[in-house]
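Just so you know, the sequence shown maps onto residues -12 to 278 in this note's numbering. Here a beta-carbon is modelled for each residue, glycine too, at the ideal position from N, C-alpha and C. Model, not experiment: these values are computed from the prediction. Each remark here refers to the structure printed beneath this line.
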Amino acid sequence: MNTNVKYIVLMTIAMSLIWMVSAVVFMGMIETPNWTDIDPVKLALSSGPFLLVSFLNVLVFAWFVNRTHLTGFSLAFRVFFLLFGVMFFMTQIEIILVELPIEIPLEVVGVTAASGALATLGVAIMAASYRRKLNPPASWGMWVDPSRNVTKLLILAAVYMVLYFVVGYYTAWQVPEFREFYSGSTDIIPIGPHIQEVLRQNIALPVFQIVRGLMWAGIGYSAVVGLGNAKAWERFILVGLILSVGVATPLLISNEFMPAEVRGGHFFELLLKNFIFGVLVALFFRPRSRG
């Protein structure tokens, strides 16, 4: 079997199994499950979305592994940092810090983060083994000029905040069920008055999104400097995919807190917004020849 196919299959199975089993175990630790109410057929069917989400994210990181100059522990740590950071850390801090129309218990947030950490750790360890089976990576003769990095990060943070409002309005906010879920009404107004109303209700939101933008830019930068063997066009696409696929695809998994229409609105919003932002990060931090 082709090495790429073999490891994509193995990492997909490992990630989905560790994710599902650890989530069940951790939930059982905080509340006593009624095992007699568990339907084996329903449980088997629910594993499908986990497999799909794991497969899509493993595909992205298989490409990353093929284009990185990193090996061993450095590669495993980078994969864990990127995958866990995008899929679980960045999503859970928003749940904790942003006021939502539904209350998600902190225990659920903790279980999600803990099970995600184990699942992504499994992928990270296997990624290092995967890299060893491929041709030895070429040494990286490029570098990312550190001058003006702070300025670039601040500009990107502001850009992220703009994308948050603009892309969010023209994608998710166009869904009536999404508007009703968050505002209690299906009415829609032009983007200018809409943003004014959002700011009137939560004046600190732009600051929070700028901070998130800094964090997203930092994660994107970490992806850029790990792609030592990627062509320029691959770097743009890969960083865009790394920042978008991991944050959007978990919304394909149903949950009791968010209706399907709302998850769908968020899915397309996050996929588009973070992909655009990832491409911009790769553009801002283009590697240059040493010397």
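Pick from the options that is closest to residue i, judged by C-alpha positions
i, options, result
"Ile(-5)", "Ser170, Phe264, Phe42", "Phe42"
"Ile17", "Ala269, Thr99, Gln188, Ile89", "Thr99"
"Val52", "Thr(-10), Ser102, Gly15, Leu93", "Thr(-10)"
"Leu270", "Gly251, Phe244, Tyr208", "Tyr208"
"Pro237", "Leu225, Tyr117, Leu258", "Leu258"
"Val73", "Ser170, Ala247, Leu239, Gly233", "Gly233"
"Phe71", "Leu105, Leu39, Gly227, Thr55", "Leu105"
"Val11", "Val154, Arg54, Val95", "Val95"
"Leu141", "Ile240, Ile89, Lys120, Met202", "Met202"
"Leu150", "Ile0, Ile263, Ser9, Arg275", "Ile263"
"Leu239", "Phe37, Met14, Ile0", "Phe37"
"Gly155", "Met2, Lys120, His181, Asp174", "His181"
"Ser126", "His56, Ser134, Asp174", "His56"
"Thr107", "Ser231, Ile0, Leu186, Lys139", "Ile0"
"Leu214", "Leu69, Leu186, Ser134", "Leu69"
"Val(-8)", "Phe67, Lys120, Gln188, Leu93", "Lys120"
"Ala235", "Gly15, Phe223, Ala159, Leu192", "Ala159"
"Gln188", "Asp174, Ile175, Ser170", "Ser170"
Alpha helix (DSSP H) segment containing residue i, residue limits
i, result
"His56", "Taken as a continuous stretch (DSSP letters only), His56 belongs to no alpha helix (DSSP H), as it is neither H nor E."
"Ser102", "93 to 120"
"Leu141", "136 to 157"
"Val73", "Careful: Val73 lies outside any alpha helix (DSSP H) and carries neither H nor E."
"Val249", "247 to 271"
"Val211", "192 to 211"
"Glu243", "That residue, Glu243, is in no alpha helix (DSSP H); it is neither H nor E in DSSP."
"Leu225", "219 to 235"
"Ile182", "178 to 188"
"Glu81", "77 to 84"
"Gly15", "-10 to 17"
"Ser170", "163 to 170"
Test item: CB-CB of residue i and residue j under 9 Å
i, j, result
"Met77", "Val45", "no"
"Ile91", "Ile80", "no"
"Glu221", "Trp6", "no"
"Phe272", "Val194", "no"
"Tyr157", "Ile178", "yes"
"Phe75", "Gly103", "yes"
"Phe165", "Val249", "yes"
"Gly295", "Gln161", "Any answer about residue 295 is impossible in this case: the structure gives the chain only from -12 up to 278."
"Leu244", "Ile89", "Checking the sequence shown, residue 244 turns out to be Phe, not Leu. For Phe244 and Ile89, yes; Cβs fall inside 9 Å."
"Asn242", "Arg54", "no"
"Ser34", "Ser3", "yes"
Outcome for residue i when other beta-carbon atoms lying within 10 angstroms are tallied against a minimum of 16
i, result
"Glu184", "exposed"
"Trp22", "Low local confidence applies: a pLDDT of 44 at Trp22 is under 50, so the model's placement there is unreliable, and no value is given."
"Gln196", "buried"
"Glu256", "buried"
"Gly122", "Looking at the sequence shown, residue 122 is not Gly but Asn. With fewer than 16 Cβ atoms within 10 Å of its Cβ, Asn122 is classed as exposed."
"Val28", "Residue confidence for Val28 is low, a pLDDT of 49 falling below 50, so the modelled location carries little weight; the figure read from the coordinates is stated next. With fewer than 16 Cβ atoms within 10 Å of its Cβ, Val28 is classed as exposed."
"Lys260", "buried"
"Arg65", "buried"
"Val279", "Not covered by the structure: residue 279. The range shown for the chain is -12 to 278."
"Lys218", "exposed"
"Ser172", "exposed"
"Phe60", "exposed"
"Ser134", "exposed"
"Leu186", "exposed"
Assumed close pair residue i, residue j - CB separation to whole angstroms, cut-off 8 Å
i, j, result
"Pro124", "Thr58", "7 Å"
"Gly200", "Tyr147", "3 Å"
"Ile229", "Val47", "6 Å"
"Thr204", "Ala144", "According to the sequence provided, residue 204 is Ala. The question's Thr does not apply to it. That belief holds up - the Cβ atoms of Ala204 and Ala144 are roughly 6 Å apart, short of 8 Å."
"Ala114", "Leu39", "The Cβ separation is near 20 Å, so there is no contact."
"Phe152", "Pro246", "Not quite, the Cβ-Cβ distance comes to about 23 Å (not below 8 Å), so this is no contact."
"Val137", "Pro274", "Val137 to Pro274, Cβ: 18 Å. No contact."
"Ala111", "Phe13", "Contact flag wrong, Cβ pair sits at about 19 Å."
"Val268", "Val226", "6 Å"
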